[in-house]
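Below: one structure, written as structure tokens.
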Amino acid sequence: MNIPNPFLIDGGLSNVLEKQGCDLNHTLWSAKLLETNPEAIIQAHYTYLMAGAHCITSSSYQASAPGFKAFGHNRENSNTLILKS
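So for the sequence shown, my numbering puts the first residue at 257; every next one is plus one.
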């Protein structure tokens, strides 16, 4: 396939996070890092951009108000974490 100007997006966020040493064995998966280690998410996105990605996706796969509430967050805090994704 010869595409003159392909638009590249990032790959699996969890793969890069695990390579960075992040433990994603949690109900919230990578969304837990929005609270505990947001720098790891930024670094993962940076890794994809340096590899040639033109677009990065949010880290909101398991991020939801009910999901965060189950771990003690109120709605306002949950919404803040979701916006950080």
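Idealized CB from N, CA, C, for every residue including glycine.
On a predicted model such as this, the values are computed, not experimentally measured, just so you know.
Just verifying my parser: in three-state terms, what is the DSSP assignment at residue i?
| i | result |
| --- | --- |
| isoleucine 265 | strand |
| serine 341 | coil |
| glycine 323 | helix |
| asparagine 333 | helix |
Taking residue i as the reference, give the member of the options with the closest Cα.
| i | options | result |
| --- | --- | --- |
| histidine 282 | Leu305, His301, Ser314 and Ala319 | Ala319 |
| valine 272 | Ala300, Glu291 and Tyr317 | Ala300 |
| asparagine 261 | Thr336, Ala309 and Glu295 | Ala309 |
| histidine 329 | Tyr304, Glu291, Thr303 and Ala307 | Glu291 |
Taking its Cβ as the centre, do 16 or more other Cβ atoms sit within 10 Å of residue i, making it buried, or is it exposed?
| i | result |
| --- | --- |
| lysine 275 | exposed |
| isoleucine 297 | buried |
| cysteine 311 | exposed |
| alanine 326 | exposed |
| leucine 337 | buried |
Taking Cβ positions, are residue i and residue j nearer each other than 8 Å?
| i | j | result |
| --- | --- | --- |
| leucine 284 | glycine 323 | yes |
| alanine 321 | serine 334 | yes |
| leucine 313 | leucine 264 | Note that residue 313 is threonine in the sequence shown, not leucine. No, the pair does not count as a contact, with Cβ atoms beyond the cut-off. |
| tyrosine 302 | glycine 267 | no |
Secondary structure, alpha helix (DSSP H): runs of 4+ residues fully inside the stretch 268 to 321: Within the stretch 268 to 321, the complete alpha helix (DSSP H) runs of at least 4 residues are 269 to 275, 289 to 292 and 294 to 306.
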